[in-house]
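A short worksheet on the structure shown next.
In the numbering used here, the protein residues as written are 24 to 561.
Take a look at the structure:
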């Protein structure tokens, strides 16, 4: 009995020690990351001119710089607005801290046009993305990102396909909605907005990318998870000093590699077979084969003109497909989720949802139920809703983000000098909420803000969803405007048009707020909507 009691006490002691150890780890690891990130941010800030105002820093506070960086992680939108109203509007440069991306040098709107048209060897947009997403560590083949093949596919082939493949996209949207939302015309079904939109976006995009796999759930989820895990890994890597990254990166990016393995399991055999068939067709004109008109085919066709293995191998081509899923899924899912939340939280008396349904139904019937490029272009209310949602509920953060390239730094138009490696941009939130740009209702969601002048015949400028300007930066502006925006806008309008035509959606009283994630805001991932099939299906 005594021996049993001793063993019990020993086990209890071990459990207590284990619990204390786990508690210690749970406290020490976040404390370590917090300390390292604070020191890293302080060092990066010290490289910038000390004369520039540091937004969020209260001189009366103890550890004011560290607390400013914490604000950069939790209330970044407020800091960007403070920078805009207190400094940018007065023509002054300031610094906004961000918890994961370091200090952002925010220039006034008067310099926007100058910034947007600087050449890449002076101010580089791609370097900013590369650093922001930590592609050196999060990608297994980071050299692919620097190759021009991806840009060529998006700017030339994907943009040219807009409208040509709408019948396939619509077919995929209909199939996906049947599975996700069902056919019940009587009972309401509650669905997750983010989860359903990410499925719709992933399926419709991959119908154009690699149609053989667009309904393979394991393949689709590898794309979705990879897209999400990249962002988590990047955020963690930003918290670690450079000298530690070679040792910790493999651990942090473990999920990325598992996602890639699952993707390759399904994509690589399809790519290899397509290469074999297209190669045989080139050598044997009698071979009865016509490759699908889709992104995979365009990539392979372009690879036949190249010579290096990183451009011609089946693995590199498959990996490019995975990379293209990243912007295609993440940005479009955010845009679709935000638009739905903005619309269904508008008072029903405003008639927004009814007006969108009427427009989509009318345009669809007018074009014989065929969604041509011209038909999609006539969805001016839907286009306005997407543009307004991107303005009002957009990601935010630093617009037109660029990285200083010259080794001797660069001087801004006002004479302010910035060192090599500094990140520079404009305060997107401030610009998008400026009453001088959007009137007294700049702080309100007005779905038809941009379509109303068109319908009334008073429109003086073109303000479509994809049209960039110095006051609308959702797709950046200037020489580095998002080249995929034409495909994304077409896809989003088709998804939302079919949603409002085929389903009733219950309004909600209050829109759940977006979630700050570093220097950006994302839609609430757990928000839901109640939906049921309309009696008539288009």
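All C-beta atoms, glycine included, are put in the ideal place defined by N, C-alpha and C.
Residue pairing from DSSP places residue 495 in a beta bridge opposite 492.
DSSP places residue 97 within a helical segment (H, G or I) once states are collapsed to three. For the pair residue 248 and residue 467, the Cα-to-Cα distance works out to about 34 Å. Contact between residue 362 and residue 409 holds: their C-beta atoms lie close to 6 Å from each other, under 8 Å. The criterion of a C-beta distance shorter than 8 Å is not satisfied by residue 206 and residue 559.
Linking residue 354 to residue 309 through their CA atoms gives a straight-line distance of about 43 Å. Here residue 386 is buried: its Cβ has 16 or more other Cβ atoms, across all protein chains shown, within 10 Å. Three or more beta-carbon pairs separated by less than 8 Å are not found between the segment 324–343 and the segment 488–497, which leaves the two stretches without contact.
Here residue 176 is near residue 318, since their CB atoms are less than 8 Å apart.
Ranked by Cα distance from residue 443, the first of 427, 391, 435, 326 is 427. When DSSP states are grouped into helix, strand and coil, residue 436 belongs to the coil group. Shown here for residue 509: same chain residues with a beta carbon closer than 7 Å to its own, the five before and five after excluded, namely 182, 185, 489 in chain order. Leaving aside the five residues that flank residue 512 on each side, the residues in its chain whose CB is nearer than 6 Å to its CB run, in chain order, 488, 489. For the pair residue 554 and residue 288, the CB atoms are not nearer than the 8 Å cut-off. Closest in alpha carbon position to residue 219, among 269, 518, 430, 285, is 518. Contact between the segment 136–144 and the segment 111–118 is absent, with fewer than three C-beta pairs closer than 8 Å. Taking C-beta atoms under 8 Å as the contact rule, residue 161 and residue 276 qualify, at a distance of about 6 Å.
If you draw a 10 Å sphere on the C-beta of residue 502, you find fewer than 16 other C-beta atoms in it, and that means exposed. The residue from 120, 550, 346 with its alpha-carbon nearest to that of residue 367 is 550. One thing to note: residue 446 has its Cβ within 8 Å of the Cβ of residue 424.
A direct Cα-Cα distance of roughly 31 Å separates residue 246 from residue 126. At a cut-off of 4 residues, the continuous stretches assigned as alpha helix (DSSP H) that sit fully inside the segment 294–365 are 318–326, 332–335. Around the C-beta of residue 525, 16 or more other C-beta atoms lie within 10 Å, and the residue is accordingly described as buried. Excluding five sequence positions before and after residue 129, the CB atoms of its chain that fall closer than 6 Å to its own CB belong to 106, 117, 119, 450, given in chain order.
No residue range can be given for residue 134, since it is assigned to no alpha helix (DSSP H) and is classified by DSSP as neither H nor E. By the beta-carbon neighbour count (other beta carbons within 10 angstroms, threshold 16), residue 174 is exposed. Counting of Cβ neighbours within 10 angstroms places residue 305 among the exposed residues, the total staying below 16.
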